Amino acid sequence: MAAAVTLAERGIPVTVFESGPVPGGRARRINSQGNDLDNGQHILVGAYRELFRLMRVVGVPEAATLRIPLELRYADGFSFRALRLPSPFDLLGGLLLARGLPISERLGAMRFMAAVRSGLERDMPVAELLRRHGQDGAIGHYLWRPLCVSALNTPVDIASSRAFLVVLRDALLGGNGASDVVIPRVDLSRLFPDPASEYVSRHGGEIRLRSPIDDLEKLKKEFSAVIVAVGPHQLKGLSPGIADTYSYQPIYTCYLQYEAGVKLAFPMIGLADGLVQWVFDRGALLGEKGRLACVISAQGDHQQMSQDELAEVCHRELKQNKLVNDNPLWTRVVAEKRATITCGVHAKKPQMLADGVYFAGDYVDPDYPPTLEAAVRSGARAASALARSLVESPAHGR
Numbered sequence: 006m007a008a009a010v011t012l013a014e015r016g017i018p019v020t021v022f023e024s025g026p027v028p029g030g031r032a033r034r035i036n037s038q039g040n041d042l043d044n045g046q047h048i049l050v051g052a053y054r055e056l057f058r059l060m061r062v063v064g065v066p067e068a069a070t071l072r073i074p075l076e077l078r079y080a081d082g083f084s085f086r087a088l089r090l091p092s093p094f095d096l097l098g099g100l101l102l103a104r105g106l107p108i109s110e111r112l113g114a115m116r117f118m119a120a121v122r123s124g125l126e127r128d129m130p131v132a133e134l135l136r137r138h139g140q141d142g143a144i145g146h147y148l149w150r151p152l153c154v155s156a157l158n159t160p161v162d163i164a165s166s167r168a169f170l171v172v173l174r175d176a177l178l179g180g181n182g183a184s185d186v187v188i189p190r191v192d193l194s195r196l197f198p199d200p201a202s203e204y205v206s207r208h209g210g211e212i213r214l215r216s217p218i219d220d221l222e223k224l225k226k227e228f229s230a231v232i233v234a235v236g237p238h239q240l241k242g243l244s245p246g247i248a249d250t251y252s253y254q255p256i257y258t259c260y261l262q263y264e265a266g267v268k269l270a271f272p273m274i275g276l277a278d279g280l281v282q283w284v285f286d287r288g289a290l291l292g293e294k295g296r297l298a299c300v301i302s303a304q305g306d307h308q309q310m311s312q313d314e315l316a317e318v319c320h321r322e323l324k325q326n327k328l329v330n331d332n333p334l335w336t337r338v339v340a341e342k343r344a345t346i347t348c349g350v351h352a353k354k355p356q357m358l359a360d361g362v363y364f365a366g367d368y369v370d371p372d373y374p375p376t377l378e379a380a381v382r383s384g385a386r387a388a389s390a391l392a393r394s395l396v397e398s399p400a401h402g403r
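Residue 6 is where the sequence shown starts when you use this note's numbering, and the numbers rise one by one after that.
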């Protein structure tokens with residue numbers, strides 16, 4: 006949808022083929038046994054500038070998100086909060102005042118953030134990077150490792166340090182507001198895909214739902230140019246010459262519905278020593294009273310569990326951390342088994358070149374790890390390249 010909106014901005018009519026019943030790809034609303042749920046719980050950061058720009062273009066109101074200075078709270082008492090100061094003093098001050106960290110690690114983190122600016126001579130696993138800079142103690146446990154897994158959706162033992170540092174430079178050192186935590190207060194479809202679809206339609210475009218494409222060559226003959234925005238595992242079905250050589254990482258979201266009075270002390274709370282990484286209070290965020298969302302990013306033992314077993318573990322960890330008391334009324338597990346490609350050391354981005362065809366997706370962006378921002382950037386980049394080609398070729402239609 007980012008590509009379609011970018012073209013619509015330029016007055017170029019587009020036709021969007023969406024294989025599903027609603028637009029949006031993975032970031033969309035789904036219905037599970039009569040309950041409207043997000044296809045995973047997403048969190049954004051202030052550095053996602055292209056995503057927020059397009060959200061403004063299509064008319065998403067500011068009230069659709071909760072934007073707060075970077076703040077991490079854990080059920081066991083650790084907390085970190087950026088101060089309301091100009092960057093980078095907001096984060097430096099937050100590190101000095103963080104609860105649950107030895108002073109030596111706080112000072113070490115400040116040196117580490119300074120080293121982030123200079124980059125790396127070679128790529129290495131994030132775990133090795135943290136060891137080299139003395140950041141693998143409590144601060145690694147509560148801050149750097151969770152940030153890495155959340156941003157790259159890849160375990161720290163294999164995650165690319167170069168990709169991680171790109172995120173850190175953008176989010177932690179990217180200027181005022183870049184490190185803000187931005188949590189959706191509407192479902193994912195209303196956050197961007199629905200208003201983006203309406204914007205495209207108002208600007209002469211067409212959205213075709215339940216319209217999967219299985220013949221790329223036929224599409225190329227019908228339209229002036231084509232942007233392919235599918236997961237890498239779906240490319241081979243469109244073009245047999247493209248091999249799927251990627252490994253993938255999952256994201257599991259377990260929704261637990263408790264009595265309406267159940268709520269968290271903060272909209273997002275971390276669990277440091279179990280399977281669940283983050284818990285979101287959907288009641289505080291979206292008005293879904295009593296509903297909690299437990300997020301588990303990247304590969305792990307949970308992939309071998311049944312959905313009932315996983316839901317039971319999530320409830321048990323919530324109870325052990327004194328976040329709930331009674332059993333849930335119902336649970337649902339949403340498993341995105343190929344949520345992103347593995348953002349590993351020396352991972353190569355695909356060379357996506359084809360006559361009259363442009364490619365977009367979070368795995369295509371040359372710099373960013375697979376995130377919503379990477380997906381939006383790649384879509385906007387593909388649309389801009391397509392628009393330039395149409396200007397150079399005067400005979401163009403749709």
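Just so you know, even glycine gets a beta-carbon here, dropped at the ideal spot from N, CA and C.
From a predicted model like this one, the values you see are computed outputs, not experimental measurements.
Residue environment, Trp335, which counts as buried when at least 16 other CB atoms sit within 10 Å: Within the sequence shown, residue 335 is the residue found at index 330, counting from 1. Label assigned to Trp335: exposed.
Host beta strand (DSSP E) of Pro200 (start-end): Residue 200 sits at position 195 when you count from the first residue of the sequence shown. Pro200: not part of any beta strand (DSSP E); member of the alpha helix (DSSP H) spanning 198-207, first to last residue.
Sequence-distant residues of the same chain with beta carbon closer than 8 Å to Asp219, five excluded per side: Along the sequence shown, read from residue 1 onward, the residue named residue 219 stands at position 214. Cβ within range, chain order: Gly242, Leu243.
For Asn36 and Arg213, the rounded distance between their alpha carbons: Indexing the sequence shown from 1 puts residue 213 at position 208. Indexing the sequence shown from 1 puts residue 36 at position 31. CA-CA distance, Arg213 to Asn36, rounds to 20 Å.
Stretch pair the region 167-186 + the region 363-383: three plus CB contacts closer than 8 Å: Touching, per the Cβ criterion.
Within 8 Å, strictly: CB atoms of Ser194 and Arg34: Reading the sequence shown from its first residue, position 189 is the one you call residue 194. Reading the sequence shown from its first residue, position 29 is the one you call residue 34. The beta carbons of Ser194 and Arg34 sit closer together than 8 Å.
Own chain residues within Cβ distance below 7 Å of His146, not counting five before or after: Taking the sequence shown and counting its residues from 1, one reaches residue 146 at position 141. Only Ala277 meet the Cβ criterion.
Beta-carbon gap between Val339 and Thr258 smaller than 8 Å: Residue numbering aside, residue 339 sits at position 334 when the sequence shown is read from its first letter. Residue numbering aside, residue 258 sits at position 253 when the sequence shown is read from its first letter. In this structure, Val339 lies near Thr258, with their beta-carbon atoms less than 8 Å apart.
Selection from Leu269, Glu314, His320 that minimises the alpha carbon distance to Ile288: Translated into the one-based positions of the sequence shown, residue 288 becomes position 283. It should be pointed out that residue 288 corresponds to Gly in this sequence rather than to Ile. If we check each option's Cα against that of Gly288, Leu269 comes out closest.
Start-to-end residues for the beta strand (DSSP E) that takes in Ser5: The requested residue 5 does not occur in the structure, where the chain is confined to residues 6 to 403.
Pro107 versus Ile274 - alpha carbon distance: Translated into the one-based positions of the sequence shown, residue 107 becomes position 102. Translated into the one-based positions of the sequence shown, residue 274 becomes position 269. Taking the straight line from one Cα to the other gives about 21 Å.
Local conformation of Tyr253 per DSSP, three classes: Taking the sequence shown and counting its residues from 1, one reaches residue 253 at position 248. Tyr253 falls in the strand class under three-state DSSP.
Exposure label - Gly51; buried when at least 16 CB within 10 Å: Taking the first residue of the sequence shown as position 1, residue 51 is located at position 46. With 16 or more other Cβ atoms from the protein chains shown falling within 10 Å of its own Cβ, Gly51 counts as buried.
Residue(s) in a DSSP beta bridge with Val381: In the sequence shown, counting from the first residue as 1, residue 381 sits at position 376. Bridge partners of Val381: none, in fact.
According to DSSP, residues forming a beta bridge with Val284: Your numbering for residue 284 matches position 279 in the sequence shown. Paired residue(s): Ile274, Cys299.
Exposure label - Asp199; buried when at least 16 CB within 10 Å: Position 194 of the sequence shown, counted from the start, is the residue given in the question as residue 199. By the 10 Å Cβ count, Asp199 comes out buried.
Supposed contact pair Ala183 and Ser92 - C-beta distance, whole angstroms, cut 8 Å: As a first step, residue 92 is located in the sequence shown; it is residue number 87 there, counting from the start. As a first step, residue 183 is located in the sequence shown; it is residue number 178 there, counting from the start. Indeed, because the Cβ distance is near 7 Å, the residues count as touching under 8 Å.
Environment of Glu227 [buried if 16+ CB atoms lie within 10 Å]: Taking the first residue of the sequence shown as position 1, residue 227 is located at position 222. Taking all protein chains in view, the Cβ of Glu227 is surrounded by fewer than 16 other Cβ atoms within 10 Å, so the residue is classified as exposed.
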